[in-house]
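Heads up, the sequence shown is in my numbering, so the first residue is 70 and it goes up one at a time.
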Amino acid sequence: MSYKSKIVSTGKYLPEGVITNFDLEKLVDTNDEWIVSRTGINTRRKALESVLDMAYNASMDAIKKAEYDKDKIDLIIVATITNEIKSPSIANLLQAKLGLNDKQVMAFDVNAACTGFVYALEVATSLLQSWKFKSALVVGSEKMTNIVDFTDRNTCILFGDGAGSMIVEPGDIDSVFYNDSKGDNTKILEVDKYVKMNGPRVYQFAVDIIPKTINKILRDNNLTLDDIDVIIPHQANKRIVESIIKEMNLSDDKVILNIDRYGNTSAASIPITIAEYKEENKDLKTILIVGFGGGFTWGAAILKI
Ligand SMILES: CC(C)(COP(=O)(O)OP(=O)(O)OC[C@H]1O[C@@H](n2cnc3c(N)ncnc32)[C@H](O)[C@@H]1OP(=O)(O)O)[C@@H](O)C(=O)NCCC(=O)NCCS
Numbered sequence: 070m071s072y073k074s075k076i077v078s079t080g081k082y083l084p085e086g087v088i089t090n091f092d093l094e095k096l097v098d099t100n101d102e103w104i105v106s107r108t109g110i111n112t113r114r115k116a117l118e119s120v121l122d123m124a125y126n127a128s129m130d131a132i133k134k135a136e137y138d139k140d141k142i143d144l145i146i147v148a149t150i151t152n153e154i155k156s157p158s159i160a161n162l163l164q165a166k167l168g169l170n171d172k173q174v175m176a177f178d179v180n181a182a183c184t185g186f187v188y189a190l191e192v193a194t195s196l197l198q199s200w201k202f203k204s205a206l207v208v209g210s211e212k213m214t215n216i217v218d219f220t221d222r223n224t225c226i227l228f229g230d231g232a233g234s235m236i237v238e239p240g241d242i243d244s245v246f247y248n249d250s251k252g253d254n255t256k257i258l259e260v261d262k263y264v265k266m267n268g269p270r271v272y273q274f275a276v277d278i279i280p281k282t283i284n285k286i287l288r289d290n291n292l293t294l295d296d297i298d299v300i301i302p303h304q305a306n307k308r309i310v311e312s313i314i315k316e317m318n319l320s321d322d323k324v325i326l327n328i329d330r331y332g333n334t335s336a337a338s339i340p341i342t343i344a345e346y347k348e349e350n351k352d353l354k355t356i357l358i359v360g361f362g363g364g365f366t367w368g369a370a371i372l373k374i
């Protein structure tokens with residue numbers, strides 16, 4: 070089924086603090102050459118700000134870019150797994166920080182790990198379809214450096230902090246979604262106090278599920294790759310993306326990557342990448358976003374931005 074809506078603006082926020090591979094060499098037994106060749110990551114960001122502050126800054130970026138009347142916003146959904154407290158949700162705190170406490174707003178967080186933004190966007194878009202809401206603010210904001218063990222070289226090299234946002238209104242532009250999950254009790258990828266992961270098993274999961282997900286959403290909607298301007302995948306590992314480019318016979322410029330600068334920012338990675346892409350490409354484009362993550366969760370959407 071396709072939803073009718075309109076993406077009004079996109080935004081992002083990356084904190085100023087940078088962790089280089091050379092910084093990590095001082096913390097764990099690793100080196101720049103290994104990290105670049107195995108992951109494609111050169112730097113990632115480290116926030117002094119909170120998850121809320123980053124969500125707010127990314128939201129204000131989208132609001133300012135469109136000179137948007139934020140009082141119209143009546144639905145706020147934040148995808149995150151790194152909220153510093155269990156409640157209130159980041160979405161509730163964001164409502165207050167945006168000065169929307171006097172308005173009737175439905176605000177809540179979504180936890181679907183690195184697929185969180187794709188899930189949150191489908192929830193928002195389907196609620197907008199009811200025409201009960203006028204304007205949805207959908208955000209992915211993550212402070213991964215809070216849940217990464219900087220003595221564990223298997224994980225600390227991968228993750229970074231940041232936030233991305235999107236404002237969506239009811240409209241007449243079609244978007245389609247495919248979101249899916251499988252309850253996993255094998256502890257291949259989980260967050261207790263820190264992220265714990267069997268890297269090679271997660272890698273295998275990713276290279277298997279991403280092409281299947283792309284093919285499914287295209288097939289279900291009678292589309293082909295020729296109908297898509299660019300694919301924006303979750304930024305987890307450059308090698309994962311390269312293997313998909315090879316398997317699906319894609320041209321390199323069809324797939325957008327920024328993992329070299331930001332690492333894996335979990336639920337923030339897709340909206341950050343969309344916002345960066347939109348800054349460079351002002352005319353309307355058809356994009357396919359695809360994510361995967363803990364849960365396991367995975368999903369894709371085809372959008373016009
Ligand atoms: C984590 C990941 C980069 C590891 O790369 P890999 O090629 O699978 O490497 P392996 O885990 O097989 O380790 C290979 C060797 O490098 C070593 N190694 C692991 N991390 C290292 C590091 N940071 N620096 C140097 N060596 C490291 C391992 O100990 C192993 O050594 P050994 O051969 O002597 O046993 C990769 O598996 C990955 O990206 N997985 C997906 C993770 C992911 O996307 N998670 C988030 C999902 S949303």
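Just so it is clear, CB atoms sit at the ideal spot from N, CA and C, and this is done for glycine as well.
At least one heavy atom of ligand 1 is found less than 7 angstroms from the C-beta of L258. Shown here for S128: same chain residues with a beta carbon closer than 7 angstroms to its own, the five before and five after excluded, namely G80, L163, L167, L206, V208 and S234 in chain order.
Look at Y331: its beta carbon is at least 7 angstroms from all of the heavy atoms in ligand 1. Closest by C-alpha distance to V187, out of I242, S156 and F246, is F246. The segment 136-146 and the segment 316-326 do not touch, with fewer than three beta-carbon pairs separated by less than 8 angstroms. Beta-bridge analysis with DSSP links R114 to V87. Q304 counts as buried, since at least 16 other C-beta atoms from the protein chains shown sit within 10 angstroms of its C-beta. Under the three-state reduction of DSSP, G368 is assigned to strand. Fully contained in the segment 185-247 are the following alpha helix (DSSP H) runs of length 4 or more, in chain order: 185-198.
In this structure, the beta-carbon distance from Y331 to G185 does not fall below 8 angstroms. Taken through DSSP and simplified to helix, strand or coil, K265 comes out as strand.
Put simply, of A275, L292, A369 and N350 the residue whose alpha carbon is nearest the alpha carbon of E316 is A275. Here D261 is not near F202, since their CB atoms are 8 angstroms or more apart. CA-to-CA, the gap between V147 and P269 works out to about 29 angstroms. Taking 8 angstroms as the upper bound for CB-CB distance, I371 and L353 are not in contact here, some 13 angstroms apart. Annotation for T355: D296, I297, D298, I371 and K373 place their beta carbon closer than 7 angstroms to its own, counting only its chain and skipping 5 residues before and after. Taking V192 as the centre and dropping the five residues before and after it, the same chain places the C-beta of I146 and V179 closer than 7 angstroms to its C-beta, in chain order.
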